[in-house]
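Below is one structure, written out as structure tokens, with a few remarks after it.
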Amino acid sequence: MRDLEFFRNVSIGQYVDSGSPVHRMTPATKYLWLVALSAPAVASLGYAGALLPLLSALCAAVAAGVRPSFLLRGLKPILPLFLVVAVMQFIFGWPGDRSAVLFRLGPFSATAREAHIVLMAVARTVSLVVIVGLFTSTTTEGEAAHGIEDFLAPLARLGFPAHAFALAATTALRFIPIVAGELESIVKAQAARGADFGSGKGGVVAKARAYLPLFVPVMIRALERAEALAEAMEARCYTGRGRTRFVVYELQRGEWVARLAAVFLCVAIFVLDSAVSAPLAALLGVFA
Amino acid sequence: MPLIELKDASYRYEGAQRSAVDNVSLSIQAGEYLAVVGPNGSGKSSLLRLLNGLLSPQTGSVRVGGLEASDPRNAHAVRSALTLVFQSPADQIVSTVVEEDVAFGPENLGLSRPEIARRVAAALEATGLTEERCIPPHFLSAGQQQRLAVAGAIAMEPRAIAFDEATSMLDPGGRDSVLALIDSLAGRGMAIIHVTHDMSEAARAGRIVAMVAGKIAFDGSPAEFWGGRTDFGAAACAIASLGLPSAVSAARSLGVEAGAADSAEGLAALVSSRLRGGGLVPSGAASAANEVGHAAAHGTRPVSEGDPAFSLEAVSYTYLRGTTNQRAAVEAVSFAVPRGAVVALVGKTGSGKSTILQLMDSIAFPTKGRVICLGEDTTAKGVDLRRLRTSAPLSVQRPESALFEPYAGDDVAFGPRNLGLQGGGLVSRVREAMELAGLPFGDFRDRRTRALSGGEKRRLALAGVFALAPEALLLDEPSSALDPAAKRAVLDIVIGLARKGMTVVMATHSMEEAARADFVGVVSRGRLTAFGPPEEIFYAAFDPAWGIGRPFACELALALRKAGHVVDGLPLDLDSLALGLRA
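Chain order of the listed sequences is A and B.
In this text, residue positions in the first sequence follow the working numbering: the first is 2, and each later residue adds one.
In this text, residue positions in the second sequence follow the working numbering: the first is 148, and each later residue adds one.
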């Protein structure tokens, strides 16, 4: 542990302000698009379902004035992950895998089914990273916070605590840099006292004990700060009930069209996916 | 009818030995400007929480605008009539956009949108944050963040605002801006209750309430509090520990009577007229015993010959390197610290002082340039970082937040244990360190860490660093956010070590503290804009653009010279000023 800088590793999406019609849409609509594109990217059967959301997101990015290359750059840090997935698939086999063997290396072999799984994982991840990147680059932090509440508003009518949920989510997000900052300061304080984390000798218990000087103070500080925030909110008359909203998002022209389009696109991708994927898989003999 | 009225109110925390607020009666009129002072743990914060119903008294009553504060049905009315501004700016921000944070309170009151918009605009206007209204609060300076908290309070359209040590975490510039804001609110007829450890701040109020051990020990005018009265009885010691406003201690050491709130200019005019009228003969024998009245840390200033303890050579450091948020924290900084010297780093919050200290402790490494710590290049291959870090350890800001052992002695032992000490050697090392930090080993080794007072925790954290038997100390704001007595205790420990030859580099926002160092480094936007003896920094080289202020004695000496008087030398403390003042 040489470099003790933590913030570099805490990256939240960056807002790119271009003032496009996509940016001007209400956050609830953006959340709807986020869900509508993420769902098939995660839950589709085949490549069509995993990659069509990516294509749609890239088209939307162009419309929003966000450079696709900017979104794709977000993939850089997770590239090693793809390699790990590929290696794991190569080393471990699937029980009952009778698909074609592509090549062998010593006792290990790569089969068509394994290749399919790796490619699907890559396709899904790339889609998700780009979709979430598009969302955060067109939605400010404040909009993201209020948007959750608006998006969940239909559920609120059924008694779901949409406002409390939104507040908890934003507060949690706001606390990430705060806790990271406390952790950084405490790591530095203990390092100055000769602490050496991570290279602890001995068993699991001894190693876990080596981290006590970090976790105990960080937990205490996080709780203290949470308490201070709760008190400040209470002093400002927060009860969670009877609130009004200062920020209300006006529906833009075509907003409902955009929302319907999101739902339609989501359904269409799923339908197309199941229509195309099953025969394709059978053709490849992947699940044979 | 008074705006706020406490009658025989008491509050005791669960499991506490004594009441935090003990049978207190107090009434505050609309438009009054009141300062509440007292040592740590005297019940000031609990008193504020009783006032707006965050705590309910177990006996007695609290009324705000005629309404019982502890009745939950009155919560909205009471909390919007009396709003609170807390100590830590970041811990009271709720929203991710400035104007939305201001709107948080009015939203909770269930007001209509146009009404909220009107209040938000007015509150931002009053606090000078209109231009910042659309940006995220974490882009604001600490002083601006605290003004944002005030804006949030103003938006409730209260009749009184209470400040709970709201300036204690700010740099001099931020503090001045918040104090000016408080004054302007008071001027507009808002009642102000200002809890503070700084007597010069308290002196701005029209009425002082001193709390000692949960009771009100004094309630009256500043002139009475710092003037003639000395009959504080059992509370005398605690009240004396609070110290005096700069202007009062200066007036006393020069032998004149002065109103507590006098500025250096006002006091100079008074001294001047007394000198001219023959009512004051400069004696040069004044005996001021106060926080500024000490000589510099050393009789003679260590000279930079031989091998320096630290040397920075054109050091730059970039924060968040390689991300789109990267920011130069330190740029081309060069200076050397002679062995045995005390160096104070001063400058605004965020100017780079902490980063410089971390670079010197090899916790951060220069992006460009070289840092030599105790003769070794911190980036050299094969350098033993643990040894280097522990020979010149850094005590971070609020070091007590890194305490983790349940018992005090064990926490101090953490460092020497990491260095391999055991048995008798370890015990004697811990004993020595605790005694050095003013925590007698016998009394404190088995005390529960969490039960120590704020000042004791700070000293315990310092003992944990002393236990490493270091060659040099790096201290990041060692006395910040403590009460006056604890501040003095910590500073005396540091100066004591320096007298024994320890090299000390510390960051501070207090110019009286900086004046006691051998060298002062002024840091501004990551650059070292000036470095030299305090006499040079605060006189010939001084530039108001640094945003750091000067020691009061220095301001006073300059004001006296401006009025045509002769002041010998370059006084940085009141004793030398009194000695140097001629006709």
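The beta carbon of each residue, even a glycine, is placed where N, CA and C say it ideally should be.
{"Asked": "Span of the alpha helix (DSSP H), counted from its first residue to its last, around B/S627", "Found": "Looking at the DSSP string, B/S627 is not in any alpha helix (DSSP H), and its letter there is neither H nor E."}
{"Asked": "Spatial neighbours of A/A231 in its chain, beta-carbon cut-off 8 Å, leaving aside the 5 residues before and after", "Found": "none"}
{"Asked": "Which listed residue (B/V183, B/A156, B/S172 and B/G188) has its alpha carbon closest to that of B/A163", "Found": "B/G188"}
{"Asked": "Contact list for A/Y239 against chain B, beta-carbon separation under 7 Å", "Found": "N255"}
{"Asked": "Reduced DSSP secondary structure (H/G/I, E/B, other) of A/I132", "Found": "helix"}
{"Asked": "DSSP-derived helix/strand/coil call for B/V403", "Found": "coil"}
{"Asked": "For B/K154, the three-state DSSP class (helix, strand or coil)", "Found": "strand"}
{"Asked": "Limits of the alpha helix (DSSP H) - the one that B/S227 falls within", "Found": "A222 to A228"}
{"Asked": "Complete alpha helix (DSSP H) runs within the stretch 315 to 371 of chain B (minimum length 4 residues, chain order)", "Found": "319 to 334 and 346 to 349"}
{"Asked": "Short CB-CB distance (under 7 Å) between B/F286 and chain A", "Found": "no"}
{"Asked": "Endpoints, the beta strand (DSSP E) within which B/K515 is located", "Found": "K515 to C520"}
{"Asked": "Test item: CB-CB of B/D169 and B/G453 under 7 Å", "Found": "no"}
{"Asked": "8 Å Cβ cut-off: residues of chain A touching B/P236", "Found": "Chain A residues near B/P236: none, gap ~10 Å exceeds 8 Å."}
{"Asked": "Whether B/S481 touches B/L459 by CB criterion (7 Å)", "Found": "yes"}
{"Asked": "Within 7 Å, strictly: CB atoms of A/R25 and A/Q253", "Found": "yes"}
{"Asked": "Cβ-Cβ separation, B/E523 to B/L541 (assumed contact under 8 Å), whole Å", "Found": "Their Cβ separation, rounded to whole angstroms, is 16 Å, which puts B/L541 and B/E523 out of contact at 8 Å."}
{"Asked": "Contact check, B/K500 vs B/V670, beta carbons under 7 Å", "Found": "yes"}
{"Asked": "Interface residues of the stretch 242 to 253 of chain A facing chain B [CB-CB below 8 Å]", "Found": "G243, R244, T245, R246, F247, V248 and V249"}
{"Asked": "Proximity to B/P186 [Cα-Cα], best of B/R597, B/L202 and B/M346", "Found": "B/M346"}
{"Asked": "Whole-number beta carbon distance between B/L550 and B/K604, since they are thought to touch under 8 Å", "Found": "6 Å"}
{"Asked": "Proximal chain B residues relative to A/K291, where beta-carbon distance stays under 9 Å", "Found": "With chain A represented from 2 up to 289, any question about residue 291 of chain A goes unanswered, as that position is not in the structure."}
{"Asked": "Helix, strand or coil at B/Y686 according to DSSP, with G and I counted as helix", "Found": "helix"}
{"Asked": "Selection from B/H712, B/L717, B/L719 and B/P718 that minimises the alpha carbon distance to B/R729", "Found": "B/H712"}
{"Asked": "Beta-carbon separation (whole angstroms), B/R306 vs B/A415, contact threshold 8 Å", "Found": "Not a contact, Cβ separation roughly 38 Å."}
{"Asked": "Of the residues A/E115, A/S21 and A/V130, the one placed nearest A/L56, counting alpha carbons only", "Found": "A/V130"}
{"Asked": "For A/T30, the residue or residues it bridges with in DSSP", "Found": "Answer by DSSP bridge pairing: none, since A/T30 is not bridged."}
{"Asked": "Identity of the residues DSSP links to B/F457 by a beta bridge", "Found": "B/V484 and B/C520"}
{"Asked": "Pairwise C-alpha distance: A/E144 and A/A262", "Found": "21 Å"}
{"Asked": "Which of helix, strand or coil DSSP assigns to B/E478", "Found": "strand"}
{"Asked": "Residue-chain proximity (B/Q239, chain A), Cβ-Cβ < 7 Å", "Found": "yes"}
{"Asked": "Residue environment, A/V88, which counts as buried when at least 16 other CB atoms sit within 10 Å", "Found": "exposed"}
{"Asked": "C-beta atoms of A/F292 and A/V123 nearer than 7 Å", "Found": "A question about residue 292 of chain A goes unanswered here, because the residues of chain A that appear run from 2 up to 289."}
{"Asked": "Counterpart residues of B/L173 in DSSP-defined beta bridges", "Found": "B/L153"}
{"Asked": "Endpoints, the beta strand (DSSP E) within which A/S110 is located", "Found": "F109 to T112"}
{"Asked": "Beta carbon proximity, A/L59 to chain B, threshold 7 Å", "Found": "no"}
{"Asked": "Nearest-angstrom beta carbon gap, A/R244 and A/H164 [assumed within contact, 8 Å]", "Found": "7 Å"}
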